[in-house]
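Inspection log for the structure reproduced underneath, given as structure tokens.
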Ligand code: NDP
């Protein structure tokens, strides 16, 4: 019987536990470890018939992770804590020769910059340990990378441009809230935009570039160009691609709140002095904002995340859109979480399932698009994320 260690008991971690339990024949014993034990216990209490062990763990501390992996003899580690913990958890996996998976690339807490460099640098160590690390097995990155691999394999001879289109049309009744970890989310969306074209990077001001896009089952929404991490790996692995951009929808109220918070310094990531105490503004803001995991019950509406491709097939020009629509209330009914956590947690489970089954295997550090997309695409439809292909 396998043992699966899941680190992080937040919105995404909760979905991963639910979905691993639904696939218990593959995942075996489930151990959920996180900083706050009560959060692990809450997830466990939602699944009274499942075999789940819970543990308190400081995932910033590699020796602590190593000793837990050794004690429970984990066959895989699913990291759904925060991007700050990616390296400490990867190092524990190298030391214990344990396969590793995450959903977001490494960020240093003191610098709002995310890139794969430090994770890719661990490729030789994973090879030497004889195990694999799968990076970015969420929705975006994650499913969007698999859509690109699928388009490259089945739909195009050459892909010229890729636009990743991310829409969350969820409503929760709060004036302002984020749909996943507020600190990580706000660092991402308040940063400069960046895209890749003709072999070089172009930088924009935050929210400078926008376009209207008609999202099936949602409608037309303003979509803003952001930098997103999958661009960095896709430019390496999608042969011949000329341009890759990433767009996300934001409503007017969200943008107004964010601008205002930014203008008054509440998105700052450096510690400031307040009445003799050091506080980091964005961490304090996180404390004030609703916990995204608590929004599940109240959220309604849909998400639609997909990829638009332009390219050539059999000498003909083609434009194809692959997308997935999820309904917040349906997700909540199934796993007690809203669709943003659901659409991240399900692909994390699928990536881990394919690794444990040996369908995706190798030694070293990999991004999603490096593997055969077909088994992943089949699992998406089976495990609650059916996708559509539309010729435009
Ligand atoms: P949450 O903040 O809800 O959950 C994070 C969990 O990690 C919390 O339970 C937190 O503990 C725990 N944690 C934080 N630091 C530590 C630590 N040092 N040791 C142990 N546990 C720790 O975040 P989400 O669930 O919304 O997001 C989880 C991950 O998923 C993030 O990396 C996020 O970037 C990624 N993500 C990826 C997406 C994709 O499509 N690829 C989309 C959305 C999210 P505590 O409860 O004590 O705070």
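Residue numbers (our numbering): 2 to 393.
Where is the CB? At the ideal position from N, CA and C, for every residue including glycine.
Query, Result
"Any idea if residue 289 is buried or exposed, counting beta-carbon neighbours within 10 angstroms, 16 or more meaning buried?", "exposed"
"Just tell me which of 389, 356, 392 and 386 has its CA closest to the CA of residue 27.", "356"
"Determine the closest residue to residue 313 out of 9, 154 and 333, with distance taken between C-alpha atoms.", "154"
"Kindly examine the ligand NDP and report whether one of its heavy atoms sits closer than 6 Å to the Cβ of residue 40.", "yes"
"Quick check: what's the CA-CA separation for residue 68 versus residue 76?", "14 Å"
"In terms of alpha-carbon separation, which member of 24, 59, 4 and 318 lies closest to residue 10?", "59"
"Which residues in the same chain as residue 83 place their Cβ atom closer than 7 Å to its Cβ, once the five residues preceding and following it in sequence are excluded?", "182 and 185"
"Does the Cβ-Cβ distance between residue 194 and residue 205 come in under 7 Å?", "yes"
"Starting from the Cα of residue 63, find the closest Cα among 264, 266, 97 and 171 and give me that residue.", "97"
"For residue 104, name the three-state secondary structure that DSSP assigns.", "coil"
"Report the residue ranges of all alpha helix (DSSP H) runs contained in full by the region 197-267; include only those spanning at least 4 residues, in chain order.", "231-238 and 253-264"
"The ligand NDP and residue 266: does the residue's C-beta get closer than 6 Å to at least one heavy atom of that ligand?", "no"
"What is the DSSP secondary structure of residue 2, reduced to helix, strand or coil?", "coil"
"Residues in its own chain within less than 7 Å of residue 65 by CB, not counting five upstream and five downstream?", "58 and 59"
"Using three-state DSSP, classify residue 19 as helix, strand or coil.", "helix"
"May I ask you to list the residues that DSSP assigns as paired with residue 319?", "312"
"Let me know if residue 349 comes out buried or exposed under the rule of 16 or more other beta-carbons within 10 Å of its beta-carbon.", "buried"
"Please indicate yes or no: does the CB of residue 185 lie closer than 6 Å to some heavy atom of the ligand NDP?", "yes"
"To the nearest angstrom, how far is the alpha carbon of residue 44 from that of residue 328?", "21 Å"
"Are the CB atoms of residue 104 and residue 131 within a distance shorter than 7 Å?", "no"
"In the DSSP assignment, the beta strand (DSSP E) including residue 372 goes from what residue to what residue?", "From DSSP, residue 372 is part of no beta strand (DSSP E); its letter is neither H nor E."
"Can you grab the Cα-Cα spacing for the pair residue 55 / residue 22, in whole Å?", "14 Å"
"So the candidates are 89, 78 and 40; which of them puts its Cα closest to the Cα of residue 61?", "89"
"Measure how close the beta-carbons of residue 198 and residue 244 come, nearest whole angstrom, since I'm counting them as under 8 Å.", "4 Å"
"Using the Cα positions of residue 326 and residue 216, report the straight-line distance between them to the nearest angstrom.", "9 Å"
"Who are the near neighbours of residue 299 in its chain, counting only those whose CB is closer than 7 Å to its CB and skipping five residues on each side?", "173 and 174"
"Can you determine whether any heavy atom of the ligand NDP sits closer than 6 Å to the C-beta of residue 377, and answer yes or no?", "no"
"Near residue 321, what residues of its chain come up, given a Cβ to Cβ distance below 6 Å and the 5 sequence neighbours on each side ignored?", "156, 310 and 392"
"Please list the terminal residues of the continuous alpha helix (DSSP H) segment that includes residue 170.", "Run containing residue 170: none in the alpha helix (DSSP H); it sits in the beta strand (DSSP E), 159-172."
"Under a Cβ-count criterion, where at least 16 other Cβ atoms within 10 Å of its own Cβ denotes burial, should residue 106 be classed as buried or exposed?", "buried"
"Determine the burial state of residue 272: buried for a count of at least 16 other Cβ atoms within 10 Å of its Cβ, exposed for fewer.", "exposed"
"Quick check: what's the CA-CA separation for residue 91 versus residue 99?", "9 Å"
"Taking residue 5 as the reference, which of 16, 30 and 24 has the closest Cα?", "30"
"What residues match up with residue 31 in a beta bridge as DSSP calls it?", "5 and 53"
"Determine the closest residue to residue 376 out of 150, 228 and 119, with distance taken between C-alpha atoms.", "150"
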